[in-house]
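Residue numbering for the sequence shown follows the numbering used here, beginning at 1 and increasing consecutively. Glycine included, each C-beta is placed from N, C-alpha and C at the ideal position. Please read these numbers as outputs of a predicted model, since none were measured by experiment.
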Amino acid sequence: MSYDDVEIEDMEWNNELQAYTYPCPCGDLFQITKEDLKLGEEIARCPSCSLYITVVYNVEDFLDKKNHALKTLICEDKLSMGTFVGHIVPGFALTLLGLWHTINTIRSYFLRGPSNFRVRFWHPFNSPLSKLKHLELIFILSFSVLAIFMQVLDFPFLQLSFKLHNLEHATMFLHLVVFAGFTLCAELIHPFQTLSGVVGMLVASVFCQELFLLHFHSADHVGLEGHYHWLLQLIVFVSVMAALAATCCQTSLPAALVLSISVVFQGCWFMNMGFLLWVPRFVPKGCVVHYVQGTNDTMLGAVTCQSSEADFRARALANLQFSWILSGILIFTGCTCLKFAVKCIPRDLPIEYEQLHSRGADVPIVINDFKDAHP
Numbered sequence: 001m002s003y004d005d006v007e008i009e010d011m012e013w014n015n016e017l018q019a020y021t022y023p024c025p026c027g028d029l030f031q032i033t034k035e036d037l038k039l040g041e042e043i044a045r046c047p048s049c050s051l052y053i054t055v056v057y058n059v060e061d062f063l064d065k066k067n068h069a070l071k072t073l074i075c076e077d078k079l080s081m082g083t084f085v086g087h088i089v090p091g092f093a094l095t096l097l098g099l100w101h102t103i104n105t106i107r108s109y110f111l112r113g114p115s116n117f118r119v120r121f122w123h124p125f126n127s128p129l130s131k132l133k134h135l136e137l138i139f140i141l142s143f144s145v146l147a148i149f150m151q152v153l154d155f156p157f158l159q160l161s162f163k164l165h166n167l168e169h170a171t172m173f174l175h176l177v178v179f180a181g182f183t184l185c186a187e188l189i190h191p192f193q194t195l196s197g198v199v200g201m202l203v204a205s206v207f208c209q210e211l212f213l214l215h216f217h218s219a220d221h222v223g224l225e226g227h228y229h230w231l232l233q234l235i236v237f238v239s240v241m242a243a244l245a246a247t248c249c250q251t252s253l254p255a256a257l258v259l260s261i262s263v264v265f266q267g268c269w270f271m272n273m274g275f276l277l278w279v280p281r282f283v284p285k286g287c288v289v290h291y292v293q294g295t296n297d298t299m300l301g302a303v304t305c306q307s308s309e310a311d312f313r314a315r316a317l318a319n320l321q322f323s324w325i326l327s328g329i330l331i332f333t334g335c336t337c338l339k340f341a342v343k344c345i346p347r348d349l350p351i352e353y354e355q356l357h358s359r360g361a362d363v364p365i366v367i368n369d370f371k372d373a374h375p
């Protein structure tokens, strides 16, 4: 048991011993060196007896300034990598998933025809291997479980953590696990779309919870970062409304397309945020990535602009990026629609239309002949 707790300020520096000392009841001195203090040692022992004291001090006061700066820099690099990767990887996955749904929705509409079209909240993967049919659901399920573990392990620090913002991010992926798990089980038990209404409800709940947790996030996003997150909430709100519309009206192509496009938009915006907010070279002119010390030796980051003009310009650029990304997605969607419209003839159109469509070049001649015969 420690004999006493002694503040480092109450101890004396002994040049001969090259140690901090404090009088011991036995007549000798309790001793602790600077090297011990740098390593976080708190016990000062007496060489003449078994007594020891606990030294109360701040270890950072004894760290070498260069080493402390290096430690801070490494922590900042880890944070930057973690938040960059934390935006890029989910964003890329959402983009791929949204493009997969967009292409398959358009393809299904033109192949089945308007009267036979139905909204699907997942699309089977057509391949010679029947086990790959549910590849999309398996991908969503496995990716979400992995993301939850990464949040609990506080990637990239890889230490068990139950911070509020990590738990909020993990909860978003938890709802994806519920959706993918239920849908996969429903398809394996009853491989028909009898439960499509329930699946649609779960899809809507995924986006509802995402919007809820983004709006009431424990980490307050202010300034430029807050503007980017506000625009993200706008996209998620559209996803919520589209999911509800697709669930209530399962023959609506616009609802299905808006839902798919909004997922692509979310993914692209996540990646855009990863580059613009966490990579210093892409941060808008006049703004910097600022790191501050948080609790439990963590670093918190945010983009701060050095003037009101720089902040106004950065927000305007964010608005332009929002419009440019949406325009690119709509151009892709329109081109895909035109491509399938040229190649496919809906099944529910009359046979006469199909014959005329295949002999479109002969139609003007027939009409002209008819007009000549009956002036």
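Simplified DSSP state of residue i, which is helix, strand or coil
i      : result
CYS287 : strand
GLU210 : helix
THR251 : coil
TYR20  : strand
VAL263 : helix
ASN14  : strand
ARG45  : strand
GLN306 : coil
VAL55  : strand
LEU39  : coil
VAL6   : strand
GLN31  : strand
PRO90  : helix
ARG281 : helix
GLN159 : coil
SER108 : helix
Residue i classed as buried or exposed, judged by whether at least 16 other C-beta atoms fall within 10 angstroms
i      : result
THR54  : exposed
ARG359 : Confidence at ARG359 is low in this model, with a pLDDT of 48, below 50, so its placement is unreliable and the value that follows should be read with caution. Counting Cβ neighbours within 10 Å, ARG359 comes out exposed, since fewer than 16 surround it.
GLY294 : Residue placement at GLY294 is poorly supported in this model, since its pLDDT is 45, which falls under 50; the coordinates still yield a value, given next. With fewer than 16 other Cβ atoms within 10 Å, it is exposed.
SER127 : exposed
THR72  : Only weak support is given to the placement of THR72: the predicted model assigns it a pLDDT of 47, under 50, and the value that follows is read from those uncertain coordinates. Its Cβ having fewer than 16 others within 10 Å, THR72 is exposed.
HIS229 : buried
GLY200 : buried
TRP269 : buried
GLY274 : buried
PHE110 : buried
ASN376 : Since the displayed the chain opens at 1 and closes at 375, residue 376 lies outside it and no answer follows.
CYS305 : buried
VAL198 : exposed
SER115 : exposed
VAL6   : buried
SER2   : exposed
Between the CA atoms of residue j and residue i - distance to the nearest angstrom
i      : j      : result
MET299 : ALA316 : Any reading at MET299 must be qualified, since the residue scores a pLDDT of 40, below 50, and its modelled position is unreliable; the value itself is stated next. C-alpha separation (whole angstroms): 28 Å.
GLU35  : LEU160 : 30 Å
ALA204 : LEU176 : 11 Å
GLY91  : GLN266 : 7 Å
SER260 : LEU99  : 7 Å
GLU168 : ALA147 : 12 Å
LEU29  : ASP61  : 23 Å
VAL227 : MET241 : The amino acid occupying residue 227 in the given sequence is His; Val does not appear at that position. Each residue's alpha carbon lies about 22 Å from the other.
LYS113 : CYS248 : Sequence inspection shows Gly at residue 113; the Lys mentioned does not correspond to that position. If I take the Cα positions, the gap works out to 20 Å.
ASN319 : ILE329 : 16 Å
HIS87  : MET150 : 13 Å
LEU132 : PHE179 : 19 Å
ALA314 : ILE331 : 26 Å
LEU164 : LEU232 : 20 Å
GLU187 : ALA341 : 30 Å
CYS46  : LEU39  : 19 Å
GLN321 : PHE143 : 28 Å
SER323 : MET271 : 15 Å
TYR353 : GLN250 : Bear in mind that the predicted position of TYR353 carries a pLDDT of just 47, short of 50, making it unreliable; the figure below should be weighed with that in mind. Taking the straight line from one Cα to the other gives about 27 Å.
GLY27  : GLU41  : 23 Å
HIS217 : CYS335 : 38 Å
PHE212 : CYS337 : 33 Å
ALA19  : ILE8   : 11 Å
ASN15  : GLN31  : 12 Å
LEU224 : LEU141 : 33 Å
PHE117 : PHE282 : 44 Å
ALA93  : SER307 : 36 Å
PHE312 : HIS215 : 23 Å
SER50  : LEU277 : 56 Å
ILE43  : MET11  : 13 Å
CB-CB length for residue i against residue j, believed under 8 Å
i      : j      : result
ALA243 : SER252 : Contact doesn't hold; Cβ gap of about 12 Å is too wide.
LEU37  : TYR22  : About 14 Å; that fails the 8 Å criterion.
LEU257 : THR333 : 7 Å
VAL119 : ALA255 : 7 Å
VAL279 : THR95  : Wrong, their Cβ atoms sit about 18 Å apart, outside the cutoff.
Closer than 7 Å to chain C by CB, residue i
i     : result
THR95 : In the displayed structure, chain C is absent; only one protein chain is listed.
Subject >> the stretch 130–137 / the stretch 170–188 touching (three or more Cβ pairs under 8 Å) >> reply: At 8 Å Cβ cutoff, the stretches touch.
Original post:
Does the stretch 95–104 come close enough to the stretch 115–132 that 3 or more CB-CB pairs lie under 8 Å?
Top reply: yes
Original post:
Is the number of C-beta pairs between the stretch 229–236 and the stretch 275–286 that are closer than 8 Å three or more?
Top reply: no
Original post:
Is the stretch 199–215 touching the stretch 161–176, taking contact as three or more C-beta pairs under 8 Å?
Top reply: yes
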